[in-house]
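Its first residue numbered 2, the sequence shown is counted upward by one per residue in my numbering. By construction, the Cβ of each residue, glycine as well, lies at the ideal position given by its N, Cα and C atoms. Just so we're clear, the structure is a prediction, and the values are computed from it rather than from any experiment.
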Amino acid sequence: MTRPVAIVTGAARGIGAAIVLRLAQDGHDVALVDLSRDACDDAVAAARDCGVQARAFAADVSSETDVRRMVAEVEGELGAPFVLVNNAGILRDRTIANLSVADWSAVIDVNLKAAFLTCREIFPIMRREGGGRIVNLSSTAALGTYGEANYSAAKAGVIGLTRTLAIEGGRHGITANAVAPGFVVTDMTREVAQRSGVKFDEMVAQMTRETVVGRVGEPADIAHAVAFFADLRSSYVTGQTMYVAGAPRG
Ligand code: NAI
């Protein structure tokens, strides 16, 4: 029995590492993609402990050359990918009058252009193999967030890209869905707290009050949603955006 191969970008830490672990637990061989291979060591080891193959690949997913090389390497070393999870993301928060073109472009490139680049590379492979599962990370920020014009635009763009991939992929057995997390405890949100001079515990307490379910998200909550879309049996679910946010108030 060959195991399905999954590519996860931004796999070294946080939500990406949790997705790797969950897909490994569900019986996928996993290609972990991040800026540095060494940064993936812990996540690779955790996946291997599940009895699957796991390998790290270094790539800047906003680079066309890197993405092309990475996809070829993954196919050569692990086999044709059945699952692609576009999870890599960055923030460069500024209010609109203070938002530089560099900060606009960096965020659009990593959160949105990268998903286009990986999908463009992998779509022909999935078509050739008779199908696949694409899962793209959006965010509740797609609905608009103070100080995040670049990130909100990128994450809204991810939803449009995903729906289009679903339409183009349907007849080829390729599904495309988006997962839109609310506040999740990761280094990304810790860094937001640090930059805004707020204690992380206080930020978590405030986000807990603002969430109907009375808690904030953990990376495993997001991985659970990704795993559903990635499943072979989810072939009738496509073009969807699943908000995994505990129902924010207001
Ligand atoms: P994180 O900052 O903890 O991890 C992101 C990973 O992506 C890092 O390992 C980083 O090295 C990698 N990465 C960044 N730029 C890259 C590039 N150009 N090429 C390859 N890898 C790159 O982030 P976190 O919190 O785990 O978020 C994961 C995804 O979930 C992101 O797309 C983020 O926008 C999204 N998200 C996160 C939320 C949260 O509350 N943490 C909420 C909503 C969405």
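N178 and Q241 closer than 9 Å at C-beta: Counted from its first residue, the sequence shown places residue 178 at position 177. Counted from its first residue, the sequence shown places residue 241 at position 240. A contact, by the Cβ cut-off of 9 Å.
The segment 17-30 in contact with the segment 82-92 per 3-pair CB rule at 8 Å: yes
Is T242 helix, strand or coil when you go by DSSP? Taking the first residue of the sequence shown as position 1, residue 242 is located at position 241. Of the three classes helix, strand and coil, the one that applies to T242 here is strand, per DSSP.
Compute the Euclidean distance between the alpha carbons of C41 and K156, then round it to the nearest angstrom. Mapped onto the sequence shown, residue 41 falls at position 40. Mapped onto the sequence shown, residue 156 falls at position 155. If you take the alpha carbons of C41 and K156, they lie about 25 Å apart.
How far does the beta strand (DSSP E) with L85 in it reach, from first residue to last? Counting from one through the sequence shown, the residue named residue 85 turns up at place 84. From DSSP, the beta strand (DSSP E) with L85 extends over 82-87.
Check the DSSP bridge columns for P182 and list the partner residues they point to. One-based indexing of the sequence shown puts residue 182 at position 181. Partner(s): V245.
List, from N- to C-terminal side, the beta strand (DSSP E) runs of 3 residues or more that fit wholly inside the segment 62-115. 82-87
Following a CB-centred definition, is V111 positioned closer than 8 Å to any heavy atom of ligand 1? In the sequence shown, residue 111 corresponds to position 110, counting from 1. Yes, the Cβ of V111 comes within 8 Å of a heavy atom of ligand 1.
Run through DSSP, which three-state label would G28 get? Reading the sequence shown from its first residue, position 27 is the one you call residue 28. In this structure, G28 counts as coil in the three-state DSSP scheme.
G158: first and last residue of the uninterrupted alpha helix (DSSP H) it sits in: Walking along the sequence shown from the start, residue 158 turns up at place 157. Where G158 is concerned, the enclosing alpha helix (DSSP H) stretches over 150-170.
Check whether R23 and V214 have beta carbons under 9 Å apart: Along the sequence shown, read from residue 1 onward, the residue named residue 23 stands at position 22. Along the sequence shown, read from residue 1 onward, the residue named residue 214 stands at position 213. No, the Cβ-Cβ distance between R23 and V214 is not below 9 Å.
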